[in-house]
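Chemist: Encoded as structure tokens, here's the structure I'll be asking about.
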Amino acid sequence: MTRTSLAKLRREILKRKGIATEPKTKRLLTQAELPDLYPKTSKMRYIELKYKIHLEDVIFLGSLTDVCGYFRWEVDRSTISRWRKHIEEAFYGGKL
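Using the working numbering, read the sequence shown as starting at 1 and increasing by one per residue.
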């Protein structure tokens, strides 16, 4: 039987739960506190919190109408189109 140190066990548990630590301070960061790869509007954050998703994972699935339907038409097609453009610019601009 191998003995695992308490610190190693703690790191493994935090890693499984998706919680990172800052490199020098060891303060725990949740997914919501991690820095965004591009600036998000308040509506983007609202949609992510309400539907418990990451916008990048859903925004490119299907047509604009499909994505609007997924969000129960809380967001207009033109808004989804702008968000896609915003995320693509961040991705191809080298920010992602």
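Yeah, the Cβ is synthetic: ideal placement off N, Cα and C, and Gly gets one too.
#1: How many whole angstroms separate the CB atoms of VAL67 and ILE80, which I take to be in contact at a CB cut-off of 8 Å?
#2: Given a threshold of 16 other Cβ atoms within 10 Å of its Cβ, counted over all protein chains shown, does TRP83 qualify as buried or as exposed?
#3: How far does the alpha helix (DSSP H) with ARG72 in it reach, from first residue to last?
#4: Classify ILE87: buried if its beta carbon has 16 or more other beta carbons within 10 angstroms, exposed otherwise.
#5: CA-CA distance, SER63 and THR4?
#6: Can you tell me where the alpha helix (DSSP H) holding THR79 begins and where it ends?
Modeler: Taking the coordinates as given:
#1: 5 Å
#2: buried
#3: That residue, ARG72, is in no alpha helix (DSSP H); it is neither H nor E in DSSP.
#4: buried
#5: 49 Å
#6: 77–92
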